[in-house]
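Asker: After the structure tokens below, expect a handful of questions from me.
This is the structure we're talking about:
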């Protein structure tokens, strides 16, 4: 009845049956059936011990006495599977070599594959002669087997296989499509680390034309990889070759070429045009696979170049009614990306008619397209919102629901008028949401946005329901959300305190702790406390805090732990860990990847001259180039700011192969009252090996606000001539110097970005005494967007509450920076 005949196999029983292999005469049919069972068990992941495997293997070697073709092929398969389990598998080498060089063509290919599976690098030379013959064999299956086996052998015996290149070259001109494909694959993998050799190979084979469509596809992939790695311009011969493949007679090659052009970075709409027109033809193909491939690729193009796809809109509209739902979905989402504002309503109606029939994977694609539309046509957010809420109520998996929630949240953040409707719908969704991550995320959003709405009290019922009805993770998130309402709304505070008092008796310790903590903070009725402990929370890096605390416990001190010694978080806490998710859910403390700043902190702490500088406050986000990239010495500088000092880290590369530089330092002279304390040299800079030297500078003490400064830089070093081949120096050397570009220290180098989730509360927390009001003129700036961008860059601060986005047609704007 179509069931699996092997599903109740037991390993011990099958291995007992393997004793049949020792009987004479051999029963080929019975033995082949037992080998099938053994292979089935191994492939199902059944653990076969070394002793068991070796016994079964030695029994199986007797089967080489039979000439039954099916049984022999089964023997080859078993040898391959057991090669890494059983011991002394090498014993069958002579039998396999005999089959590999015998007259029976059906045995030769599989014998080659089995032999290469059991051969190690020491024995490979013994069969090298046979392998070379097999590669150029007239029988395609033998040649292909030898080529594919050679490809696998490259991993362990690269130098031996490299000697077979001449044979592989000969096989590459074979008329058989698979042999040519496999030969080119081997040639490419032998040469892939030599860019020039790969380019020569591509031009050689593309000049004479290839017979195999598979080989063409592989050459297209190799060519596009070369183009990406070399950052070649698109007028190179490699690009011309890919474009010429758009005119190939095989559909597979044409699609591969179109796909490669579309995926190349930096393609202009003009360069995409031939690929798009080919894909447009495929849209009307009778083959569903081609229609699917074309629409999927056009969908990708529409993300970056919607204008390039507009020409295909008519063909895409015909595909909306395609019998294949996957094609129809992709056609619609592509139209959503390229369509006009007027066509949105019609498209939405078409989508809703078949949303229930498609898989979650495609529903996610639709949601992403709608998200892009919301940004493109903000006036249409009401129509799109309603559609998203309908989708949210329907059945669906986590990824699908998460995509919808993400999309709704981004609409709420972009359009203030859609905030209330959006929050109300999300409140309804969490009433029966089965996904913890989404529930805590929405609770976090409600805590952030709810208190700022016209009628904040209407959200409290939905939030408190979570405390009553949900499990501990969601309850903890709800408690945090309630506290935010209490912190920002004085009329609601008494009610919030009553609700939090009820949560103090919760079964879960995380929920109890949060409730107790927030209750005590709110009862103080102090804005600064509310801002610091409820609304904005910690702005330190959590991994940094963990490291600093661990360090403090290792070196006990009389002084209390200072939170100022912890580096600040450059990403907001809300992104590091959704506030609703309690720490108790982390089962296993995972190793947190060190941030760039923490890596620098460890590197600088290892330099003796920098021991007493205290914690690293900030490192510049990008190194500054102090030379052109083509010059003989390449120098890049990273600025590190400490409390009273700055360290300039110079990463130097010597690009002259006949010189070694020693004791390299960069001498600096400042225009302001900065004072150079010391230089830490790079001891040696051999050819093309990067090295690092440092300059330590003290910040001005008299006038701490004089932070902006320009340094003139000069690299000083000892030059020693050396032999380009061996790198050995042959003289004492002489002193030399090299003038570098000037280096600027700006206000931004002394400011660390922090994210304030609630800017108003943070502003109140600072108080009036630090406030200063002045008026500035921004010269040479024409638009508000430009002004905002320049101020953010100049001050190096973090724009909060999306205030760096300037609404259209506005002539005044408030920018909030932290």
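Residue numbers (UniProt numbering): 1 to 818.
Just so it is clear, CB atoms sit at the ideal spot from N, CA and C, and this is done for glycine as well.
Give me the residue from 686, 235 and 701 with the minimum Cα distance to residue 721.
Answerer: Among 686, 235 and 701, the Cα nearest to that of residue 721 belongs to 686.
Asker: Round the Cβ separation of residue 146 and residue 131 to the nearest angstrom and send it over; I've been treating them as touching at under 8 Å.
Answerer: Rounded, the Cβ-Cβ distance is 6 Å, consistent with contact.
Asker: Given a cut-off of 8 Å, decide if residue 794 and residue 748 are closer than it, judged by their beta-carbon atoms.
Answerer: It is a contact, given that the beta carbons lie within the stated cut-off.
Asker: Flag this pair as yes or no: are the beta carbons of residue 125 and residue 160 separated by less than 8 Å?
Answerer: The answer is yes: Cβ separation under 8 Å.
Asker: Out of 631, 699 and 545, which has the shortest C-alpha to C-alpha gap to residue 562?
Answerer: Comparing Cα positions, the closest option is 545.
Asker: Mind checking whether residue 432 and residue 400 have CB atoms under 8 Å apart?
Answerer: No, they are not a contact pair.
Asker: Quick check on the burial criterion: 16 or more other C-beta atoms within 10 angstroms. Buried or exposed for residue 385?
Answerer: Answer is buried; the Cβ neighbour count reaches 16.
Asker: So, is residue 149 buried or exposed, given that buried needs 16 or more other C-beta atoms within 10 angstroms?
Answerer: Classification of residue 149: buried, given that the 10 Å Cβ count is 16 or more.
Asker: Among the candidates 416, 415 and 391, whose CA atom is the shortest distance from the CA of residue 870?
Answerer: There is simply no residue 870 to check, as the chain begins at 1 and stops at 818 in what is shown.
Asker: Excluding the 5 residues flanking residue 488 on each side, which residues of the same chain have their C-beta closer than 6 Å to its C-beta?
Answerer: Closer than 6 Å at Cβ, skipping near neighbours: 451.
Asker: Is the number of C-beta pairs between the segment 693-708 and the segment 733-747 that are closer than 8 Å three or more?
Answerer: Result yes; three or more Cβ-Cβ pairs closer than 8 Å.
Asker: Which residue comes first and which comes last in the alpha helix (DSSP H) that contains residue 169?
Answerer: That run of the alpha helix (DSSP H) goes 165-172.
Asker: Could you tell me which residues DSSP pairs with residue 739 in its beta bridges?
Answerer: The partner list for residue 739 (beta bridge, DSSP) reads 714.
Asker: Which ranges does the alpha helix (DSSP H) cover as unbroken runs of at least 4 residues, wholly within the segment 750-809, from first to last along the chain?
Answerer: Listed in chain order, they are 759-766 and 784-795.
Asker: Straight-line CA distance for residue 11 to residue 89?
Answerer: Going from the Cα of residue 11 to the Cα of residue 89 covers about 21 Å.
Asker: Quick check on the DSSP output: the beta strand (DSSP E) that includes residue 649 runs from which residue to which?
Answerer: Unbroken beta strand (DSSP E) run through residue 649: 645-654.
Asker: For residue 259, which of helix, strand or coil comes out of DSSP?
Answerer: Residue state, collapsed to three classes: helix.
Asker: Please list, in chain order, all residues of the same chain as residue 421 whose beta carbon is under 7 Å from its beta carbon, the five residues on each side excluded.
Answerer: The answer, listed in chain order, is 385.
Asker: Give a single yes or no on whether residue 77 has its beta carbon closer than 7 Å to a heavy atom of the ligand MG.
Answerer: Inclusion of the ligand MG in the displayed structure is not the case, the ligand content being empty and no account of it being possible.
Asker: Give the straight-line distance between the Cα atoms of residue 374 and residue 380, rounded to the nearest whole angstrom.
Answerer: C-alpha separation (whole angstroms): 7 Å.
Asker: Beta carbon of residue 294, beta carbon of residue 272: below 8 Å?
Answerer: Contact: no.
Asker: Out of 320, 218 and 77, which one is the CA nearest neighbour of residue 819?
Answerer: Residue 819 lies beyond the stretch modelled for the chain, which goes from 1 to 818, so this question has no answer here.
Asker: For residue 707, does the three-state DSSP call read helix, strand or coil?
Answerer: Coil.
Asker: Between the alpha carbons of residue 469 and residue 383, how many angstroms are there, rounded?
Answerer: One C-alpha to the other measures close to 33 Å.
Asker: Distance, Cα to Cα, residue 51 vs residue 152?
Answerer: Their backbone Cα atoms lie some 27 Å apart in a straight line.
Asker: Among all the DSSP beta bridges, which residues are the ones paired with residue 692?
Answerer: In DSSP, residue 692 forms a bridge with 651.
Asker: Tell me, please, which residues DSSP counts as bridged to residue 670.
Answerer: BP columns for residue 670 point to 711.
Asker: Going by C-alpha to C-alpha distance, which of 188, 140 and 167 sits closest to residue 175?
Answerer: Selected option, being the one with the closest Cα: 140.
Asker: What would DSSP say about residue 85, mapped onto helix, strand or coil?
Answerer: Coil.
Asker: Quick one: what's residue 729 bridged to in DSSP?
Answerer: Answer by DSSP bridge pairing, in chain order: 722.
Asker: Tell me which same chain residues have a C-beta within less than 7 Å of the C-beta of residue 5, skipping the five on either side of it?
Answerer: Excluding positions up to five away in sequence, the list is empty.
Asker: What span of residues does the alpha helix (DSSP H) with residue 307 cover, start to end?
Answerer: It spans 306-309 - the alpha helix (DSSP H) in which residue 307 sits, taken as one unbroken run.
Asker: Determine the burial state of residue 831: buried for a count of at least 16 other Cβ atoms within 10 Å of its Cβ, exposed for fewer.
Answerer: Because the chain is modelled from 1 through 818, residue 831 falls outside the range shown and cannot be assessed.
Asker: Which parts of the segment 516-556 are runs of the beta strand (DSSP E), unbroken and 3 residues or longer, counting only runs that do not cross its ends?
Answerer: Runs of the beta strand (DSSP E) inside the segment 516-556: none found.
Asker: Alpha carbon to alpha carbon, how far is residue 814 from residue 803?
Answerer: Computed Cα separation, rounded: 7 Å.
Asker: When the Cα atoms are used, what is the spatial distance from residue 567 to residue 758?
Answerer: Approximately 21 Å, taken between the alpha carbons.
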